[in-house]
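A.B. asks:
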Amino acid sequence: SQIRRLGASCDWTRERFTLDAGLSRAVREAFVRLYEKGLIYRGPRLINWSPGLRTAVSDLEVEYSQEPGFLYYFKYRLADNPDEFIPVATTRPETILGDTAVAVHPEDERYKPLIGRKALVPMLNREVPVIADDYVDREFGTGALKITPAHDPNDYAIGQRFNLEMISILDKEARINENGGPYAGMDRFECRKKLWADMKAAGLVIKEEPYMLNVPRSQRGGEIIEPMISDQWFVAIQPLADAALKVVREGEIKIVPDRFTKVYYNWLENIQDWTISRQLWWGHRIPVWYCDDCGKMTVTREDPTACMHCGSQNIRQDEDVLDTWFSSGLWPFSTLGWP
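Using my numbering, you'd call the opening residue of the sequence shown number 1280 and step up by one each time.
1) Please go through the region 1363-1421 and give each complete beta strand (DSSP E) segment of 3 or more residues, from N-terminal end onward.
2) Please report how far the alpha carbon of Ser1509 lies from the alpha carbon of Phe1605, in whole angstroms.
3) Could you check where the alpha helix (DSSP H) with Ile1437 kicks off and where it finishes?
4) Ignore the nearest five residues each way along the sequence and tell me which others in Thr1427's own chain have a CB closer than 6 Å to its CB.
5) Taking only the alpha-carbon atoms, compute the straight-line gap between Val1567 and Ile1448 and give it to the nearest angstrom.
6) Exposed or buried, Gly1351, counting other C-beta atoms within 10 Å across all chains shown (16 or more means buried)?
7) Could you say which of Glu1294, Ser1288, Leu1285 lies nearest to Gly1616 if we only look at CA atoms?
8) So which of Pro1401, Glu1386, Ala1309, Ser1337 has the shortest CA-CA distance to Glu1418?
9) Per DSSP, Tyr1355 is paired with what?
10) Looking at Asp1599 and Arg1324, is the spacing between their C-beta atoms short of 8 Å?
11) So, at 8 Å on beta carbons, what are the nonlocal neighbours of Ser1337 in its own chain, with the 5 sequence-adjacent residues on each side left out?
12) Here's a check: name, in chain order, each residue in its chain whose Cβ is nearer than 8 Å to the Cβ of Thr1421, leaving out the five neighbours to either side.
13) Which residue marks the beginning of the beta strand (DSSP E) containing Met1478, and which one marks its end?
14) Is Thr1614 near Val1311, with beta carbons less than 8 Å apart?
15) Give me the DSSP bridge partner(s) of Lys1425.
16) Here's the rule: buried if 16 or more other CB atoms are within 10 angstroms of the residue's CB, otherwise exposed. What is Cys1586?
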């Protein structure tokens, strides 16, 4: 083999395959232990969605490229006086359909009097609040932001702070769903053109400016990634990150060369929960079974024959598989016989 030709001195009797029984046992053991400690949970959160692969993907599987695009300026009319408006700029007009607020900086004199009033989502005429948040950059665009918590990471954080509604406008194929009103069924980019044309006809368009975009693309498929709210399995990373930070800060572990200590801190201090479920057919199945009778979950190391809560045999395993890095991260342990 190529590895032998390179001169690698390996004990070939210890070959391992990711889906070997021993390694699969380690994966289940780790999942169950983390679940029992409250470090694995399932719920709706903002994730990277690959429309081409039709699965969630990790941050590390998203590659960013500088590409020419446009900054679209438009009017957000006020609900109590449609003659008044807030000028807003966006790079993704189609996401206007999922807006749930307009945000301005609390110290911006231009918009201070508008805080607390209501604005109308273009073409849908749904009322949304005008809110104030320090995140808003007064120098970017118009100094006012449309907030789409279900389709942008920064907007998601603002939505959490203000308890805003999360309106998802895309399905798994990145087509507009029922929340898009008359644009339902359109491809996201087809919708962008149609919505902008309709807004122009309605007198809501101010201008367009060429703008360099930082576009997220799938590492595998190359298509543009969409941030969207999805029910997935996650590892709560912060408690684990805190422990990893503590041992370095207290000198139990020393990073060499020292300049990478800052990189280490920056990585762990700004870390997000890890999406570990994937909508693929190949990999380690998530060891969770749902009961169709009582509705509860059974999380176990061995395949169950009945629900651990009500005893019903009417159970089905979660169809998702684990992110490949879940098993890869266990490699040093699982290949040496753990658990």
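Ideal Cβ positions, reconstructed from N, Cα and C, are used throughout, including at glycine. Quick caveat: nothing in here was measured; it's all calculated off a predicted structure.
C.D. replies: Reading from the atomic positions:
1) Whole beta strand (DSSP E) segments, 3+ residues: 1380-1383, 1397-1399, 1406-1411.
2) 20 Å
3) 1432-1441
4) Excluding sequence positions up to five before and after Thr1427, its CB lies within less than 6 Å of the CB of Thr1374, Gly1377, Asp1378, Asp1434, all in the same chain and listed in chain order.
5) 29 Å
6) Here residue 1351 turns out to be Tyr, not Gly, going by the sequence shown. By the Cβ neighbour-count rule, Tyr1351 is buried, with 16 or more other Cβ atoms within 10 Å of its own.
7) Glu1294
8) Measuring from the Cα of Glu1418, the nearest candidate turns out to be Glu1386.
9) Ile1365
10) no
11) When the five nearest sequence neighbours on each side are left out, the beta carbons in the same chain lying within less than 8 Å of the beta carbon of Ser1337 are those of Asn1327, Trp1553, Thr1554, Asp1602, Trp1604, in order along the chain.
12) Tyr1352, Ile1365, Pro1366, Val1367, Ala1368
13) Note, Met1478: premise wrong, no beta strand (DSSP E); alpha helix (DSSP H) at 1467-1480.
14) no
15) Val1381
16) buried
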